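One structure below.
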Amino acid sequence: MDSAASAAAGSAALLGSTTFARSAGAESAGADGAGAECFHCGVPIEAGARHAVDIGGRARPMCCAGCQAVAAAIVAAGLESYYQHRTARPNTAREALPELVRELAVYDHPDVQRTFVRAEGESVREAWLLLEGITCAACMWLNEHRLAALPGVVSVEANYATHRLRVRWDPSRARLSGILRAVRELGYAAHPFDPLRQQQILEA
Numbered sequence: 002m003d004s005a006a007s008a009a010a011g012s013a014a015l016l017g018s019t020t021f022a023r024s025a026g027a028e029s030a031g032a033d034g035a036g037a038e039c040f041h042c043g044v045p046i047e048a049g050a051r052h053a054v055d056i057g058g059r060a061r062p063m064c065c066a067g068c069q070a071v072a073a074a075i076v077a078a079g080l081e082s083y084y085q086h087r088t089a090r091p092n093t094a095r096e097a098l099p100e101l102v103r104e105l106a107v108y109d110h111p112d113v114q115r116t117f118v119r120a121e122g123e124s125v126r127e128a129w130l131l132l133e134g135i136t137c138a139a140c141m142w143l144n145e146h147r148l149a150a151l152p153g154v155v156s157v158e159a160n161y162a163t164h165r166l167r168v169r170w171d172p173s174r175a176r177l178s179g180i181l182r183a184v185r186e187l188g189y190a191a192h193p194f195d196p197l198r199q200q201q202i203l204e205a
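Residue 2 is where the sequence shown starts when you use the numbering used here, and the numbers rise one by one after that.
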């Protein structure tokens, strides 16, 4: 599932108008949302929930503000065909936690980057990352194409079998914390590659 960053611009429109099957989301919600499943993560929606996102020309119910924010970010990035490609749901609903986003700034520190970021001259940095929360190949596609569209990102290569992501970026135009934040905004987590963590994730 490897591709260069130049493929990102046209990939989101590859399938044109997205058609959704009943298994992909909630189709039988009551007036208050009760009886539906969250279109993003699949958990039952409590009565009275009012979260929704327009996907494929229809208002799709969401279980919480976190899933609503993630789904809205996917649509805003032009990557809503992810919902057609996916073969599994995210493991849990993911809330957007600002404190976690702020913690990502530590990865911009030179002493931290020294352990896993490689410099290619003055203009390019490279890092191998491990993605957490991946449930199907569409998850990798989503992350790969979202990161490839970020200003300053030179290239992105993703491997679904290993959950590894190779990212190259121009440090004068992008920060590693911003790359990690983009992953977080999609509802996943990215870590510096570590074989032990990889084994734990793949065996989970």
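Just so it is clear, CB atoms sit at the ideal spot from N, CA and C, and this is done for glycine as well.
All values derive from a computational prediction rather than experimental measurement.
- Within the same chain, and ignoring the five residues on either side of Val113 in sequence, the residues whose Cβ sits closer than 8 Å to its Cβ are Val107.
- Checking the DSSP bridge columns, you'll see Pro62 partnered with Ala53.
- Distance from the CA atom of His192 to the CA atom of Glu47, rounded to whole angstroms, is 33 Å.
- Contact between the region 135-152 and the region 172-187 is present: three or more C-beta pairs spanning the two stretches fall below 8 Å.
- For Val107, there is no enclosing beta strand (DSSP E), since its DSSP letter is neither H nor E.
- Look at Glu204 here: in three-state DSSP terms it is helix.
- For Arg167, there is no enclosing alpha helix (DSSP H); the residue is found in the beta strand (DSSP E) stretching over Arg165 to Trp170.
- For Arg119, DSSP records a beta bridge to Glu127.
- By the C-beta density criterion, His41 is buried, having at least 16 other C-beta atoms within 10 angstroms.
- DSSP, reduced to helix, strand and coil, places Glu158 within a strand of the structure shown.
- Per the C-alpha coordinates, the member of Arg167, Asp171, Ala162 and Met63 positioned closest to Ala139 is Ala162.
- In the three-state reduction of the DSSP assignment, Ala191 falls in the strand class.
- Taking the C-beta atoms as reference points, Leu166 is found no nearer than 7 Å to Leu203.
- Ala89 sits away from Cys39, with the two beta carbons spaced by 7 Å or more.
- For Glu133, the secondary structure class from DSSP, reduced to helix, strand or coil, is strand.
- In the structure shown, the three-state DSSP call for Glu81 is coil.
- Comparing alpha carbon positions, the residue from Arg119, Gly179 and His146 closest to Phe194 is Arg119.
- When secondary structure is reduced to three states using DSSP, Glu186 falls in the helix class.
- Within the same chain, Ala78, Leu80, Ala183 and Leu187 come within 7 Å of Arg147 by CB-CB distance, once the 5 residues on both sides are set aside.
- The secondary-structure analysis by DSSP pairs Glu38 across a beta bridge with Pro45.
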